[in-house]
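K.L.:
Using the working numbering, the first residue of the sequence shown is number -11, and each one after it goes up by one.
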Amino acid sequence: MKRLNPKDKRQHPRIESELPIKVAANGYDFSTTTQNVSCLGAYCTITKYIPPFTKVLIKLTLPIGKAHTGVNCKGVVVRSEDEATGHFNIAIFFNDIKENQRKKIEQYVNQFLPKDTAVSRLAC
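What follows is the structure in structure tokens.
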């Protein structure tokens, strides 16, 4: 795992990470993996177009230490990009996430950040 851009000055850093994620929207359920994740959202590829501003339900699985923990939240698709393969890359903003669920993502992301840029210090 690595931070996408070491010079990235985002307040909420994202890291490249392939994590199991389930996305439910408009009567469809997609099981896929993330390409990157932050405590504010995720980026992944799915097989059907979901338009921007569509509300989605998210189930994300995080390996923290030797255990796995689940994160459940609601989000909204903020970007949907068509791929030549017929798949779609979607960016999801977690617009309805409980603090304890957000903290799980924060803990996961912090494992891969230098100590001076840990998410908790940035009020993720």
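A virtual CB, placed ideally from N, CA and C, is assigned to each residue, including glycine.
On the premise that residue 82 lies in contact with residue 28, defined as a C-beta separation below 8 Å, what is that separation, rounded to the nearest angstrom?
P.N.:
Right, their Cβ atoms sit about 6 Å apart.
K.L.:
Leaving out the 5 sequence neighbours to the left and right, which residues in its chain are closer than 7 Å to residue 49 when beta-carbon positions are compared?
P.N.:
Counting only Cβ-Cβ distances below 7 Å, and skipping sequence neighbours, we find 7, 8, 56, 58.
K.L.:
If you follow the beta strand (DSSP E) that residue 99 is in, where does it begin and where does it stop?
P.N.:
Premise fails: residue 99 is in no beta strand (DSSP E) and is neither H nor E.
K.L.:
With residue 73 as the anchor, note down where its beta strand (DSSP E) starts and where it stops.
P.N.:
Looking at the DSSP string, residue 73 is not in any beta strand (DSSP E), and its letter there is neither H nor E.
K.L.:
Could you check the C-alpha separation between residue 118 and residue 93 for me, to the nearest Å?
P.N.:
With the chain covering only -11 through 112, there is no way to say anything about residue 118.
K.L.:
For residue 52, count neighbouring Cβ atoms within 10 angstroms of its own Cβ and tell me buried if that reaches 16, exposed if not.
P.N.:
So residue 52 counts as exposed.
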